[in-house]
Amino acid sequence: MQNLSEASLTQYELDNLNKHRRYEIRMSVYNAVGEGPTSSPQEVFVGEAVPTAAPQNVVIQTITATQLDITWEPPPPETQNGDIQGYKRHFGCHCGKQDIELKGPLITVVVYFSSQVNFYAVA
1 MQNLSEASLT QYELDNLNKH RRYEIRMSVY NAVGEGPTSS PQEVFVGEAV
51 PTAAPQNVVI QTITATQLDI TWEPPPPETQ NGDIQGYKRH FGCHCGKQDI
101 ELKGPLITVV VYFSSQVNFY AVA
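With the UniProt record's numbering, the residue at position 31 of the sequence shown is 31, and numbering never jumps.
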């Protein structure tokens, strides 16, 4: 609860809210004698925002001369700011920079490549 002591005030901006959360807002009025009844509660959802942390504990292991195994953990929950929909893997090789978007609740990605063509398999 916060007192807004400006009697002519009819608008107020709430800030520093947590992202991806549901809030309930009620208003009441008060005078020198006391506080009156509250308004009906209004529920408001503060939507998703861009994640504020990278995947954690990224580990890359060589499996063969042409295969790498990449594993990671999701960012901490308080930094996800919404439902994780996938991950993007960025890498460069002598054949140029390649980007691929990975959808779904992935934990392990296996990357296969050769000197001429890049092949990808999601494990």
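Heads up, the beta-carbon is just placed ideally off N, CA and C, and yes, glycines get one too.
On a predicted model such as this, the values are computed, not experimentally measured, just so you know.
> Which partner residues does Y30 have in the DSSP bridge list?
Replying inline: E35
> What are the residues that DSSP puts in a beta bridge with I84?
Replying inline: In DSSP, I84 forms no bridge with anything.
> So, N18 versus A49, is the Cβ gap smaller than 8 Å?
Replying inline: no
> In three-state DSSP terms, what is E48?
Replying inline: coil
>> Starting from E24, trace the beta strand (DSSP E) in both directions and tell me its first and last residue.
In response: R21 to I25
> Looking only at C-alpha atoms, which of S8, T79, L4 and F91 sits nearest to H20?
Replying inline: Residue T79 is the option with its Cα nearest to H20.
> Can you tell me whether Y12 is buried or exposed, with buried defined as 16 or more other CB within 10 angstroms of its CB?
Replying inline: exposed
> For residue 143, which of V44, V29 and V46 has the nearest alpha-carbon?
Replying inline: Past the boundaries of the shown model lies residue 143; the chain is included only from 1 to 123, so the question cannot be answered.
> Where does E73 sit, in a helix, a strand or coil, going by DSSP?
Replying inline: strand
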